[in-house]
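See below for the structure under consideration.
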Amino acid sequence: MSDITQSNIQTTQFDELPDAPPKRKIKLSWAGKTGVVVLIFWAIIVAIGPMIAPYHEGDILDEALFMVPGGGEYPDTDFQPPSKIVYLGTDYLGRDTLSRILFGARTTIGISFIATLWAYAIGVTLGIAAAVGSKPLDMTLSRLNDAVLAIPSLMLALVMIAALGSTIPLLILLTGIIYAASVFRIARSLGQEVMVSDFVEAARVRGEGLWWIITREILPNIAMPLATDFGLRFVWIILFISALSFLGLGVQPPMSDWGSMVKENLPGLIYGSIAPLAPSLAIATLTISVNMIVDDISAHSGGKLAKRMIS
Amino acid sequence: MSVLLEVDDLKISARRDDDSLLPIVKGVSFYVARGEVVALIGESGSGKTTIALSALGYTKPGLEFAGGEVRLEGEDVITMGSDQLRTLRGQRVAYLAQSAAATFNPALTIGEQVTESCVLHGILNQEQAAERAETLYRALELPDPDRLGRRYPHQVSGGQLQRLMAAMALCGKPDLLVLDEPTTALDVTTQIEVLKAFKSVIKQEGSAAIYVTHDLSVVAQIADHIVVLYAGETQEYGSAEQVVSDPGHDYTRRLMYAVRPPPAAGQGDETSGEHRREAPALEVKDLVAGYGKVKDGKPAITVLRDVNVAIERGHSVGVIGESGCGKSTLARVMAGLLPAAQGEVLLDGEPLEPALQQRSRSDLQKVQFVFQMADTALNPRQRIDHILGRPLEFYLGLKGKEKRRRVGELLQIVELPQEFAGRYPEELSGGQKQRINLARALAASPEVLLCDEVISALDSIVGANVIELLKKLRKQTGVSFVFISHDLSTVASFADEIIVLYAGRVVEKGTTDAVLSPPYHPYTRLLISSVPELRVGWLEETMQTQEAQAGIDRVVTLTDKGCPFFDRCPRAIKDTCDQETPPVRMLSGGHAIECHLGEAEFAQ
């Protein structure tokens, strides 16, 4: 790495300069790889879940299915243990848990993901605008943001949904706006930090416009921490929508949603039913896998730096 | 003398991504006796810091011990468990990092931080520790020792903070101190003050030290033994006297060669007049600039006052002064980053808009700024070919093949291999990054390059290479340079003219030879005498001089009235220097000195 050796390096001709030097690859650790596998698994479920589900999410299963041969009575269909008929048992109304998870993947992941994207679209746009813009603009946006943050998010959602009715687009819109407030703060502070760095100053001395500075200098440098935050925010939004569902204002029955499945089946724990556990596990695997990937990416950009510099 | 630390055939390796080992330190042995300072010297990448850290039983992430022993009083620290290591690091071996500013927590008082570690490790209780800290403040000649502990880090100067870090390390009475380049980032006058304090406190406390640096002349002042390292191997090991006066190894001689000679007349390159034109390339007239709101042509904090500078085409002007004197502010005004409150900046005789937003693209192209820290001035997310390609595209409209060809040329100009086009900044060493930083400015085909401390962060050999490169560029392209540095020797070897700034005022200017030979402004004399010389005993001699006694260990203060250098000047005239603005004395050949003293008095 020393400059002494440089004089010995043969300089190649200009023409031999490669067209497009290869991009660096991110090598994932086993944890990251596991995360990717789990995430791909859930992505597939989102795509084909309803097609492979044995029953419809709203179907209350017929008592006849659970008849013990020879037994005279019809058994209760709620909180049935796993069996060949219902692989993950039934819930408190006697619906198939597996089918509800498969259907629910689409609502839970879909709504949360779109809402997170929406929160990021608003939060990052305004956050960067506040970071690079004039002081009055920064003040206006930040104070407005404080106002949004000051209102308890669940209350805000309750009032809005009560007034406008519960539909999925409204749910996404509302969640997005509520979470955009915290994204705004992160994007703004990250942006401000990069904005005062020497390389942004170098770009300004060169005479670059704001658009260039934002897209080429700032965004690439804050993408990693924002991606880390994206994972966490996604997880919180899943929980937020679950909470709304529990209050009866989120995803409306008979549509299934993992969060509401956990809450509505809580009494089942007493009977040793796995109906509340299965969707919890689904949420856990999804959120943990997202975090493992995010950790890996951010560790790669920082932690292994020392290694790369000496080899 | 009993041996305190013994490093025996130490080997440290880095683990690559494919799990193979890359040796970094290849079998180094030396010992440190009680009360002795051993210096590890070498350029960056020589493994000197890695070896020094092994005394704490520590390796940087990605590195591991591969063999040998590091024995502190007979005990091998490499094989210690984490509990033992904690005791070792807290009580017996203390580490002083390079940057004091980064080491101190700005939210806690100095006293809390100096005493924290030894109280935590139960060596002293809070009261004893505070008492001990005060003794150390006195030993380190810090101002106001009984109240210093209640201040916050931002309330003291950089040199004081550096000494406070020594107090922090010494508070728990460690057996061994590890000092990692503790004076590298400091001004010459501050460096002397810190060196002197370190030397006397080490002697007083009788503790041993490992001193890591790349600067031979600093080592000559403080070390008893010197280990010269290159690429993880010992090149030479001997007493300071012997290594400095009679180096036995080629590499040591190379290091000594890279030590810049003390600044003196006749070192500057004579630039030919072939690129000359009527008007100076860049000129600054009656400049007043500073920070904060401008009111009646005066900013809230005025940094620069009545500054006049002209840079002839193809010439280089060195701007020198201590930190806080307004050097960087001057460059920022020229670049348009900081609009001037009064006065104007002329390019080729035409006035430039004060703010860069109003400047035309071709004006921007002609004045390029080279930032001090190549580490932060290059976007870590952009490949080198993008970094160099952007100005080509932006100013010259080059695209595709043409642009790539030019990127190749630029890399060749700064003497880097073509493959670097595909790398990211973090994959380059410090010196290489600085070359890219320079190449980016050159890509614009500028007429004036503003170089702000471009080699200050580099070690001496790499820095000397960059200076050679700049000289070559100046010859080839006829670019004018504004070369800002706190290091007089560097400026002396490069600039045609020198401007000495003090507290935002030009105190002396003229050709390099004129400024560096008598008559001097008292401040210039102080700066020149503070540059360490490569011989044992220089420090003690210098501290005896009246310049050093009056001028060292003071901060630059901005004043409206009188001469700002008044409180540090050994020859200040009371009631004159602190009241009246000093007159400009014009000497022969455009040499000007701003001082109340007469020409006859300068000559003394």
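Just so you know, the sequences run in chain order A and B.
Counting in the numbering used here, the first sequence runs from 24 upward without gaps.
Counting in the numbering used here, the second sequence runs from 11 upward without gaps.
All C-beta atoms in this analysis are idealised placements derived from N, C-alpha and C, irrespective of residue type, glycine included.
A quick note: this is a predicted structure, and the numbers were derived from the prediction, not measured.
Ordered along the chain, which non-local residues of its own chain (more than five positions away) have a Cβ less than 8 Å from that of residue i?
| i | result |
| --- | --- |
| G72 of chain B | A24, R25 |
| P290 of chain A | Y115 |
| D18 of chain B | S39, G78, E79, V80, R81 |
Tell me whether the beta-carbon of residue i lies closer than 8 Å to the beta-carbon of residue j.
| i | j | result |
| --- | --- | --- |
| Y512 of chain B | F575 of chain B | yes |
| E507 of chain B | I603 of chain B | no |
| G331 of chain B | T312 of chain B | no |
| A305 of chain A | W281 of chain A | yes |
| A176 of chain B | L66 of chain B | no |
| G133 of chain A | T120 of chain A | no |
| G216 of chain B | R433 of chain B | no |
| I120 of chain B | L158 of chain B | yes |
| V253 of chain B | P542 of chain B | no |
| L314 of chain B | V304 of chain B | no |
| V188 of chain B | A62 of chain B | yes |
| Q444 of chain B | L426 of chain B | no |
| G78 of chain B | C128 of chain B | no |
| I259 of chain B | S249 of chain B | Checking the sequence shown, residue 259 of chain B turns out to be His, not Ile. The answer is no: Cβ separation not under 8 Å. |
| L181 of chain A | L88 of chain A | no |
| A142 of chain A | G214 of chain A | no |
| G117 of chain A | L84 of chain A | yes |
| Y162 of chain B | P192 of chain B | no |
Count the other C-beta atoms from every protein chain shown that fall within 10 angstroms of the C-beta of residue i, then say buried if there are 16 or more, exposed otherwise.
| i | result |
| --- | --- |
| R96 of chain B | exposed |
| T89 of chain B | exposed |
| E137 of chain B | exposed |
| A310 of chain B | exposed |
| P45 of chain A | Here the model assigns P45 of chain A a pLDDT of 44, short of 50, so the residue's position is not dependable and the matter cannot be decided. |
| S279 of chain A | buried |
| V206 of chain A | buried |
| Y97 of chain A | exposed |
| Q368 of chain B | exposed |
| I67 of chain A | exposed |
| H164 of chain B | exposed |
From which residue to which residue does the alpha helix (DSSP H) around residue i run?
| i | result |
| --- | --- |
| D119 of chain A | Unbroken run through D119 of chain A: none, as it is neither H nor E. |
| S268 of chain A | 242-269 |
| E287 of chain A | 281-287 |
| G307 of chain B | Run containing G307 of chain B: none; DSSP gives neither H nor E here. |
| Y162 of chain B | Counting along the chain, Y162 of chain B falls outside any alpha helix (DSSP H), and DSSP gives it neither H nor E. |
| R166 of chain A | 158-173 |
| V198 of chain B | 198-215 |
| D442 of chain B | Per the sequence shown, residue 442 of chain B should be read as Gln rather than Asp. Residues 440-453. |
Grab me the residues of residue i's own chain with a C-beta within less than 7 Å of its C-beta, minus the 5 sequence neighbours each way, in chain order.
| i | result |
| --- | --- |
| V380 of chain B | N447, L448, A451, L459, L460, C461, D462, V464 |
| Q170 of chain B | L152 |
| Q275 of chain A | S189 |
Can you tell me whether DSSP reads residue i as helix, strand or coil?
| i | result |
| --- | --- |
| P532 of chain B | helix |
| L297 of chain B | strand |
| G72 of chain B | coil |
| M178 of chain A | helix |
| S227 of chain B | helix |
| S495 of chain B | strand |
| I108 of chain A | coil |
| M383 of chain B | coil |
| D373 of chain B | helix |
| Q108 of chain B | coil |
| M266 of chain B | helix |
| A602 of chain B | strand |
| P401 of chain B | helix |
Going along the chain, which residues of its own chain have a beta-carbon closer than 6 Å to the beta-carbon of residue i, five neighbours each way excluded?
| i | result |
| --- | --- |
| S312 of chain A | G58, V61, L62 |
| G326 of chain A | Note on G326 of chain A: pLDDT 40, under 50, position unreliable in the model; the coordinate value appears next. So no residue of the chain qualifies. |
Taking the beta strand (DSSP E) that residue i belongs to, which residues open and close that run?
| i | result |
| --- | --- |
| D19 of chain B | 13-25 |
| T244 of chain B | 243-249 |
| G37 of chain B | 31-43 |
| Y240 of chain B | 235-240 |
| D462 of chain B | 458-462 |
Verify the contact flag: residue i, CB atom, against every heavy atom of the ligand GTP, threshold strictly below 7 Å.
| i | result |
| --- | --- |
| D221 of chain A | Among the components modelled here there is no ligand, and therefore nothing to report on the ligand GTP. |
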